[in-house]
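2 protein chains.
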Amino acid sequence: MARVSIKDIAQAAGVSHPTVSRALRGDPRISLETAERVLALAHELGYSPSAAARSLVTRRTHTIGVVVTSIADPFVSDVVDGIEATLAEQDYALILALSRSEPERELAVVRLLSEHRVDGIIVAASRVGALHDQDLARLQVPLVLLNNQAETAGTHSLEVDDVLGARVAVAHLLQLGHRRVAYIGCPDRPRSHARRLEGYRQAHLDRRLHPQPELILEGRGAEGDRSRGATGLTELLSLSPPPTAVFCYNDITAIGALEAARHYGLRVPKDLSLVGVDDVREASLVTPALTTVRQPRREMGQRAADMLLALLRGEAAGDAVIAPVLVIRESTAAPIGQ
Amino acid sequence: MARVSIKDIAQAAGVSHPTVSRALRGDPRISLETAERVLALAHELGYSPSAAARSLVTRRTHTIGVVVTSIADPFVSDVVDGIEATLAEQDYALILALSRSEPERELAVVRLLSEHRVDGIIVAASRVGALHDQDLARLQVPLVLLNNQAETAGTHSLEVDDVLGARVAVAHLLQLGHRRVAYIGCPDRPRSHARRLEGYRQAHLDRRLHPQPELILEGRGAEGDRSRGATGLTELLSLSPPPTAVFCYNDITAIGALEAARHYGLRVPKDLSLVGVDDVREASLVTPALTTVRQPRREMGQRAADMLLALLRGEAAGDAVIAPVLVIRESTAAPIGQ
DNA sequence: CTGTTAGCGCCTTCAC
DNA sequence: GTGAAGGCGCTAACAG
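So the sequences go chain by chain: Z and U. Residues are numbered in my numbering as their position in the first sequence, beginning at 1, plus a constant of 32. Residues are numbered in my numbering as their position in the second sequence, beginning at 1, plus a constant of 32.
Right under this line is the structure:
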């Protein structure tokens with residue numbers, strides 16, 4: 033089994049192997065009769081075509097490389113789930129390669145994918161972003177970058193619309209009646225920080241409101257640092273009047289702010305509304321559950337795979353932008369007195 | 033690039049291709065001089081060997097199939113992370129295939145792995161367990177089953193020692209001084225339920241204590257059902273005296289019990305100690321953070337890959353049992369009056 | 001030490 | 001409609 037080749041079938045059927053090859057692929061030139069005989073025999077003998085042998089002549093492996101920093105990151109694994117769903121539909125094999133943010137591994141990954149002659153590559157960064165793509169580009173196969181910061185020439189990319197996400201989140205707060213809405217940012221993610229701030233501004237302008245400079249905080253501390261939310265909120269509460277709602281760079285920040293609010297005796301959402309970004313696991317587990325902007329992870333994976341497959345078919349595929357979705361939970365409500 | 037074959041190198045070096053092939057693989061019979069020349073040329077031309085062509089003649093693809101129900105499950109993704117770590121070390125490629133618990137997909141997975149002639153397969157079920165393995169066994173390649181319920185002949189398996197986990201957890205409670213320790217089980221996971229109950233018994237017998245039948249609850253409701261913890265605890269509190277500690281089938285159960293305890297005005301761990309199993313994400317996020325029995329997921333993945341690689345080297349590999357680890361957090365303490 | 005020959009399993013002309 | 005060659009890129013004999 034698995035050692036049966038078209039030659040064996042050919043012999044059993046009393047035809048030549050090319051005939052078997054054609055019959056198996058449904059070549060219309062083969063008589064129905066022999067085709068059926070061959071098919072039956074193939075099934076009977078447990079024939080399974082060799083992808084390697086085929087790829088040698090077709091120069092297509094029907095295999096896609098997926099490169100991520102870590103599969104243990106829930107964002108990444110959701111994306112990979114989406115990628116697999118699309119690839120499986122088209123019978124593409126998925127070679128998973130982890131770069132682990134180690135230069136040594138990244139090199140090995142490139143070598144591995146190169147030797148296996150993958151037809152295309154998807155690089156998926158988590159919300160953290162930024163990977164080695166230069167080397168991969170050298171492989172001369174279509175390359176789709178998902179949520180990646182640095183753009184490389186000859187590369188196609190897919191990312192979530194950060195401006196829109198922020199805009200929708202802040203619009204939600206303004207719509208509830210808040211008029212002093214603050215923003216706590218993140219200095220070590222300058223690009224998305226700027227975009228979210230832009231969304232914050234747009235939401236205000238959409239309603240002919242003017243964002244108030246003292247309510248916009250750069251924030252301090254690294255991306256994954258809870259304390260940024262706490263120190264930010266502390267600072268905001270010293271203003272008079274203090275904001276009634278805060279849009280936070282991400283959920284981690286918002287949760288930090290939530291803890292600080294509790295510390296100061298503020299009730300969320302009654303005294304203060306909070307919105308985060310990402311929809312991390314904790315967001316729905318925290319009390320009150322956090323209103324947040326979610327990246328449609330699985331869908332992003334599917335779209336990335338769709339893009340890649342389109343490229344493989346020779347179709348043009350520009351870059352894609354995905355719309356995030358606002359998930360309204362318990363941390364937002366109308367301000368008091370509304 | 034990537035279209036350079038050993039023939040091209042051979043021509044450039046003025047030797048035959050077999051010589052190039054040997055030089056590239058470090059065959060000692062090749063003169064140092066030509067070997068160096070070939071290597072330099074290979075590098076210069078950007079040569080990358082074709083895994084497909086090689087596999088065709090060696091009958092080894094250096095590729096492993098990893099079959100899981102869902103990569104979005106954090107348990108599974110941690111395991112896969114471990115598998116990849118070991119495989120990458122040995123330059124094996126990892127083909128990820130998701131069965132999604134759909135019969136149709138399972139068939140496609142078998143076909144895919146068969147056509148790609150994977151050298152071996154790892155099937156990783158999450159704590160939920162149970163997959164299609166019969167078909168995979170037909171592929172005639174080494175097969176390692178991780179946390180799988182149904183055993184198939186000619187298969188190697190790896191699972192966590194459920195009895196030990198329960199025993200250590202309950203020993204921890206007894207050691208703290210608890211003398212009325214209850215157990216809330218799970219009827220729809222009969223196998224692990226029985227094992228955890230056995231561990232519960234052993235922990236008692238280890239201290240020459242006798243488990244008290246009224247403290248052992250079968251539990252009701254499905255595995256992922258929080259309410260089982262709540263109803264179980266309610267039942268237990270009607271006893272006199274009620275237990276001072278509860279070992280729960282899993283974290284979900286324990287969290288349900290935790291909520292119920294709060295509802296009844298019991299303080300955890302002061303009035304009641306709780307232990308779960310799994311170390312799901314929520315376990316560390318809940319207040320108080322849950323003491324629990326963790327399955328070393330990543331390590332399990334590594335061990336599974338090690339087993340498989342050993343089998344590929346022709347070494348014998350029995351089944352393996354992994355020891356879980358007790359993670360002591362805030363939900364356990366000595367009983368009052370201790 | 002190196003070249004020659006052959007073949008892994010498949011597909012693709014080109015004949016018939 | 002089908003068969004006969006030839007070759008994809010590589011390794012494995014066997015010569016020499």
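All C-beta atoms in this analysis are idealised placements derived from N, C-alpha and C, irrespective of residue type, glycine included.
Residues near residue i by beta carbon distance below 8 Å, same chain, minus five either side
i	result
Z/ILE287	ARG258, GLY261, GLY308, GLU314, ALA315, VAL318, LEU322
Z/MET339	VAL176, HIS188, LEU190, ALA349, ALA352
Simplified DSSP state of residue i, which is helix, strand or coil
i	result
U/THR364	coil
U/GLU255	coil
U/VAL111	helix
Z/GLU191	strand
Z/ALA156	strand
Z/MET33	With a pLDDT of 47 at Z/MET33, under the threshold of 50, the modelled position of that residue is not reliable, and the figure given next carries that caveat. Coil at Z/MET33, not helix or strand.
U/ARG326	strand
Z/ALA85	helix
Z/ALA214	strand
U/SER305	strand
U/THR101	coil
Z/THR93	coil
Z/LEU271	coil
Z/ARG199	helix
U/LEU171	coil
Residue closest to residue i, alpha-carbon to alpha-carbon, out of the options
i	options	result
U/SER189	U/PRO174, U/ALA84, U/ALA203	U/PRO174
U/ARG335	U/ARG240, U/ILE115, U/ASP110	U/ILE115
Z/ARG294	Z/ASP110, Z/LEU269, Z/GLU138, Z/VAL108	Z/LEU269
U/SER131	U/ILE103, U/ALA355, U/ASP59	U/ILE103
U/LEU341	U/ARG54, U/GLY152, U/SER53	U/GLY152
Z/PRO245	Z/GLY251, Z/ASP238, Z/ALA214	Z/ALA214
Z/LEU168	Z/ASP238, Z/PRO135, Z/ASP123, Z/ALA198	Z/PRO135
U/VAL100	U/ARG35, U/CYS280, U/LEU178	U/LEU178
Z/ASP238	Z/HIS204, Z/ILE216, Z/LEU247	Z/HIS204
U/VAL195	U/ARG35, U/LYS39, U/THR66, U/VAL325	U/VAL325
Z/GLY369	Z/LEU208, Z/ALA201, Z/ALA67	Z/LEU208
U/GLN234	U/CYS218, U/GLU255, U/VAL202	U/VAL202
Z/PRO81	Z/ARG69, Z/ASP59, Z/VAL52, Z/LEU64	Z/VAL52
Z/PRO219	Z/ARG69, Z/ILE38, Z/GLY256, Z/ARG240	Z/GLY256
Z/VAL312	Z/TYR296, Z/ASN282, Z/LEU290	Z/ASN282
Z/GLN43	Z/ILE62, Z/ARG69, Z/ARG221, Z/ALA365	Z/ARG69
Z/LEU271	Z/LEU290, Z/LEU247, Z/ALA289	Z/LEU247
U/GLN254	U/LEU64, U/GLU138, U/ARG221	Before going further, note that residue 254 of chain U is Ala rather than Gln in the sequence given. When only C-alpha atoms are compared, the closest one is U/ARG221.
Sequence-distant residues of its chain with Cβ nearer than 6 Å to residue i (five each side left out)
i	result
Z/ALA337	ILE115, THR118, LEU119
U/THR285	ILE216, ARG260, GLY261
U/GLN327	VAL192, PRO356
Z/GLY264	ILE216, LEU249, GLY251
Z/ILE38	HIS49, VAL52, SER53
Sequence-distant residues of its chain with Cβ nearer than 7 Å to residue i (five each side left out)
i	result
U/THR276	HIS210, ARG212, LEU304, SER305, PRO367
Z/VAL150	THR93, THR95, ILE96, GLY97, ILE127, VAL173
Z/THR266	ALA292
U/ALA74	ILE41, LEU56
Z/HIS242	HIS236
U/PRO273	ARG212
Z/ALA67	ALA55
Z/VAL36	LEU77, GLY78, TYR79
Z/LEU71	ALA55
Z/VAL141	VAL99, ALA129, SER131
Euclidean distance between Cα positions of residue i and residue j
i	j	result
Z/LEU298	Z/LEU171	56 Å
U/GLU331	Z/VAL112	22 Å
Z/ARG345	Z/GLY333	19 Å
Z/HIS225	Z/VAL89	49 Å
Z/VAL108	Z/ALA157	7 Å
U/PRO301	Z/ALA83	59 Å
Z/ASN180	Z/ARG199	21 Å
U/ARG86	U/GLN122	17 Å
U/SER133	U/ASP105	13 Å
U/LEU206	U/HIS236	8 Å
U/PRO320	U/ILE154	37 Å
Z/CYS280	U/ASP110	29 Å
U/ARG137	U/ALA125	22 Å
Z/GLY58	U/ASP59	44 Å
Legend entry - the region 36 to 53 of chain U in contact with the region 214 to 230 of chain Z per 3-pair CB rule at 8 Å: no
Legend entry - Meets three-Cβ-pair contact criterion under 8 Å: the region 137 to 152 of chain U and the region 354 to 367 of chain U: no
Legend entry - Cβ contact (3+ pairs, closer than 8 Å) linking the region 350 to 358 of chain U and the region 191 to 210 of chain U: yes
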